[in-house]
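Q: I have a structure I would like to understand better, so I am pasting it below and will then ask my questions one at a time.
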Amino acid sequence: MAIPVLTPLPRVQRPRRATPADAVRPTRAEVNLGNLRHNLRVVRRFAGATRIWGVLKADGYGHGAPAVARTLERAGIDGICVALLEEAVELRNAGINTPILVMGGYYGHGWGELLAHDLTPVVYDAGQIDALAREVRLYRQTPIGVHLKIDTGMSRLGVRHDALHGMLDHIRGVPEVRLTGMMTHFANADADSLDATDHQCDLFERAVATTRAAGFDPEVVHAANSAALLRAPRSHYDLARPGLALFGVSPRPGLAADLRPVMRVRSEIVALRDVQLGDAAGYCSTWTASRPSKLATVPMGYADGIPRVLSNRGRVLVRGKSAPMVGNVSMDMITIDVTEIDGATIRDEVVILGPQQGPLGSDVITADEIAGHADTISWEILTGISRRVPRFFREP
Ligand SMILES: *Cc1c(COP(=O)(O)O)cnc(C)c1O
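Numbering of the sequence shown is given in the numbering used here, commencing with residue 1 and proceeding in unit increments.
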């Protein structure tokens, strides 16, 4: 019997794929797929025999999940993890054949889609096992493999230690579902101390031992995110799930210095003006000129992913040199002070994220730097570059 699946429309809000006709506004994100492949080699060096399942949730951390997945699949990645069923289906529809683990745990009415698209769900409660079993009985004869999530300290998803026996008994009674993997997730793998991560490993290894003692034989056991992969060998187990590191950003200063950022965000100066001492700039006039100044307008704002808290705090690069943001970040624009940028003119490239070389020097703005100014983390900066910024994929 054919499995009824309704997936005609993309249900994931993804950035628009760029074509040259999209480049009316000069603001765009350049995604360097060569650097992505390089980063896969770097994480493989840390992983040794441990397999790599790249985490491509949230549209591949804002880089464009289908293109990222295609590149990693061709480079031989072992598997892919996403948060949402919708994200997994998007990748299957894009022709990705690699194993895909759906980690978010919310499948709504999508149990049939998990089967139809050959996806592996992460499960943590008995109701999920029963719903899957019903679907398997209706639509196919072979059991479905699932990965059981263990809560070892996040208190978010997963079976807690005291509930593990009950859960295992339940799974044993459902032949349509096979326990093929076990996983947990670290809360502090990027903290100064690895003590908390070690403790989570203790709890996880105990849960795995309990499960094996109960007669199960999970083929893969996994826990490591980027930070754990790069600094906690004990946590490597059978496979690792790096996200951030694949995109060239270290989860912590000083780890894997040879990672190469994959995304670069650039725009151009679209307007220039000279202002006088005391003139104000932007909403609420939070900046006033303390000297005669040259201000430039850049068409990228908070709706594109420049955090508004960067107002009067952030910086960009022009002609290879740093220029401060002045006044409040607007929805569609920022204003920058180019008084110190000799020769700054209309159509000069402005780099918001990434490196720039120019006649005045060379410099780089990292996701970590922006996150520091915005009092957040680099993950949020990357995933925050909005759909309005077209992605251009570059093969170096
Ligand atoms: C996001 C996520 C990862 C990857 O985390 P990074 O720090 O980006 O490497 C791994 N596992 C789970 C369960 C996640 O949600």
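Virtual Cβ for every residue (Gly too), placed ideally from N, Cα, C.
Does DSSP classify PHE216 as helix, strand or coil?
A: As a working note, residue 216 is residue 216 in the sequence shown. Coil at PHE216, not helix or strand.
Q: Would you say ASN225 touches ligand 1, meaning its beta carbon is less than 8 Å from a heavy atom?
A: The residue given as residue 225 occupies position 225 in the sequence shown. Answer for ASN225: yes, Cβ within range of ligand 1.
Q: Using only alpha-carbon positions, find the residue among ASP198, GLY54, GLY48 that is nearest to LEU101.
A: Against the sequence shown, residue 101 aligns to sequence position 101. Residue GLY54 is the option with its Cα nearest to LEU101.
Q: If you reduce the DSSP assignment to three classes, tell me which class PRO355 lands in.
A: Within the sequence shown, residue 355 is the residue found at index 355, counting from 1. Correct three-state label for PRO355: strand.
Q: For the alpha helix (DSSP H) that contains LEU33, what are its first and last residues?
A: By one-based count along the sequence shown, residue 33 stands at place 33. Unbroken alpha helix (DSSP H) run through LEU33: 33-47.
Q: Based on the DSSP secondary-structure assignment, which residues constitute the bridge partners of LYS399?
A: Because the chain here runs from 1 to 396, residue 399 falls outside it and cannot be looked at.
Q: What residue does the alpha helix (DSSP H) around ALA323 start on, and which one ends it?
A: As a first step, residue 323 is located in the sequence shown; it is residue number 323 there, counting from the start. Where ALA323 is concerned, there is no enclosing alpha helix (DSSP H), although the beta strand (DSSP E) it sits in stretches over 321-326.
Q: At which residues does the beta strand (DSSP E) containing PRO121 begin and terminate?
A: As a first step, residue 121 is located in the sequence shown; it is residue number 121 there, counting from the start. Looking at the DSSP string, the run of the beta strand (DSSP E) that includes PRO121 is 120-123.
Q: GLY248: beta carbon under 8 Å from a heavy atom of ligand 1?
A: Your numbering for residue 248 matches position 248 in the sequence shown. No, ligand 1 has no heavy atom inside 8 Å of this Cβ.
Q: Who are the Cβ neighbours of PRO233 in its own chain at under 7 Å, not counting the five residues just before and after it?
A: Within the sequence shown, the letter at position 233 stands for residue 233. Within the same chain, PRO233 has no close Cβ partners at all.
Q: Mind checking who HIS109 pairs with in its DSSP beta bridge?
A: The sequence position of residue 109 within the sequence shown is 109, counting from 1. Per DSSP, none; premise fails for HIS109.
Q: If you run the structure through DSSP and keep just helix, strand and coil, what is CYS284?
A: For the purposes of this step, residue 284 is identified with residue 284 of the sequence shown, where counting begins at 1. Of the three classes helix, strand and coil, the one that applies to CYS284 here is helix, per DSSP.
Q: Is the beta carbon of ALA69 within less than 8 Å of some heavy atom of ligand 1?
A: The residue given as residue 69 occupies position 69 in the sequence shown. Answer for ALA69: no, Cβ out of range of ligand 1.
Q: If you pair each beta-carbon of the segment 224-244 with each one of the segment 353-360, do three or more pairs fall below 8 Å?
A: Judged by Cβ distances under 8 Å, the segment 224-244 makes no contact with the segment 353-360, as fewer than three pairs qualify.
Q: Would you grab the beta carbon distance between ASP332 and ALA296 for me? Rounded to a whole angstrom, and I think it's under 8 Å.
A: Along the sequence shown, one-based indexing puts residue 332 at 332. Along the sequence shown, one-based indexing puts residue 296 at 296. Contact doesn't hold; Cβ gap of about 15 Å is too wide.
Q: What distance in whole Å lies between the Cβ atoms of PRO324 and ILE336, which are believed to be in contact at a cut-off of 8 Å?
A: Here residue 336 refers to the residue found at position 336 when the sequence shown is read from its first residue. Here residue 324 refers to the residue found at position 324 when the sequence shown is read from its first residue. 7 Å between Cβ atoms; contact.
Q: In angstroms with no decimal places, state the Cα-to-Cα distance between VAL326 and LEU72.
A: Counted from its first residue, the sequence shown places residue 326 at position 326. Counted from its first residue, the sequence shown places residue 72 at position 72. VAL326 and LEU72: Cα-Cα distance of roughly 40 Å.
Q: Cβ atoms of PRO307 and ALA374: under 9 Å apart, would you say?
A: Residue mapping note: residue 374 aligns to position 374 of the sequence shown, counting from 1. Residue mapping note: residue 307 aligns to position 307 of the sequence shown, counting from 1. Their beta carbons are under 9 Å apart, which means ALA374 touches PRO307 by this criterion.
Q: Suppose you measure from the CA of GLY314 to the CA of VAL351; what does that come to, to the nearest Å?
A: Along the sequence shown, one-based indexing puts residue 314 at 314. Along the sequence shown, one-based indexing puts residue 351 at 351. Cα to Cα, GLY314 sits roughly 12 Å from VAL351.
Q: So, using beta-carbon positions, are LEU115 and VAL136 closer together than 9 Å?
A: Translated into the one-based positions of the sequence shown, residue 115 becomes position 115. Translated into the one-based positions of the sequence shown, residue 136 becomes position 136. Against a cut-off of 9 Å, the Cβ pair of VAL136 and LEU115 comes out as a contact.
Q: Using the three-state DSSP reduction, which class does GLY361 fall into: helix, strand or coil?
A: Taking the first residue of the sequence shown as 1, we reach residue 361 at position 361. Reduced to three states, the DSSP call for GLY361 is strand.
Q: Touching or not, the segment 256-266 and the segment 25-33, by the rule of three or more beta carbon pairs under 8 Å?
A: Result yes; three or more Cβ-Cβ pairs closer than 8 Å.
Q: Which ranges does the alpha helix (DSSP H) cover as unbroken runs of at least 4 residues, wholly within the segment 169-254, from first to last along the chain?
A: Listed in chain order, the complete alpha helix (DSSP H) runs (minimum 4 residues) inside the segment 169-254 are 195-213, 226-231.
Q: Is the closest heavy atom of ligand 1 to the C-beta of LEU317 under 8 Å?
A: If you number the sequence shown from 1, residue 317 lands on position 317. No, the Cβ of LEU317 stays beyond 8 Å of every heavy atom of ligand 1.
Q: Assess contact between the segment 164-184 and the segment 207-216, defined as three or more Cβ pairs (one per stretch) separated by less than 8 Å. Is contact present?
A: The segment 164-184 is in contact with the segment 207-216.
Q: For ALA126, which residues of its own chain have a beta-carbon under 7 Å away from its beta-carbon, when the five flanking residues on both sides are left out?
A: As a first step, residue 126 must be located in the sequence shown, where it is residue number 126. Same-chain partners within the cutoff: MET167, HIS170.
Q: Where does ILE381 fall in DSSP's three states?
A: What you label residue 381 is simply residue 381 of the sequence shown in a count that begins at 1. Looking at ILE381 - three-state DSSP - the assignment turns out to be helix.
Q: Exposed or buried, what is VAL389 when buried is set at 16 or more other beta-carbons lying within 10 Å of its beta-carbon?
A: For the purposes of this step, residue 389 is identified with residue 389 of the sequence shown, where counting begins at 1. With 16 or more Cβ atoms within 10 Å of its Cβ, VAL389 is classed as buried.
Q: Alpha carbon to alpha carbon, how far is THR366 from ALA280?
A: Within the sequence shown, residue 366 is the residue found at index 366, counting from 1. Within the sequence shown, residue 280 is the residue found at index 280, counting from 1. When rounded, the distance between both Cα atoms is 29 Å.
Q: Ligand 1 and PRO404: does the residue's C-beta get closer than 8 Å to at least one heavy atom of that ligand?
A: Lying before the first or after the last residue shown, residue 404 is absent from the chain, which here runs from 1 to 396.
Q: Would you say the beta carbon of ALA256 comes nearer than 8 Å to a heavy atom of ligand 1?
A: Here residue 256 refers to the residue found at position 256 when the sequence shown is read from its first residue. No, the Cβ of ALA256 stays beyond 8 Å of every heavy atom of ligand 1.
Q: At a cut-off of 8 Å, would you count CYS81 as near ligand 1, judging by its Cβ distance to the nearest heavy atom?
A: Counted from its first residue, the sequence shown places residue 81 at position 81. Correct: CYS81 has its Cβ closer than 8 Å to ligand 1.
Q: Counting pairs of beta carbons, one from the segment 197-208 and one from the segment 246-254, are three or more of them closer than 8 Å?
A: No: the two stretches stay apart, fewer than three of their Cβ pairs being nearer than 8 Å.
Q: Is any heavy atom in ligand 1 found nearer than 8 Å to the beta carbon of MET183?
A: By one-based count along the sequence shown, residue 183 stands at place 183. Yes, the beta carbon of MET183 sits closer than 8 Å to at least one heavy atom of ligand 1.
Q: By how many angstroms is the C-alpha of LEU56 removed from the C-alpha of GLU395?
A: Taking the first residue of the sequence shown as position 1, residue 395 is located at position 395. Taking the first residue of the sequence shown as position 1, residue 56 is located at position 56. Approximately 19 Å between the Cα atoms of the pair.
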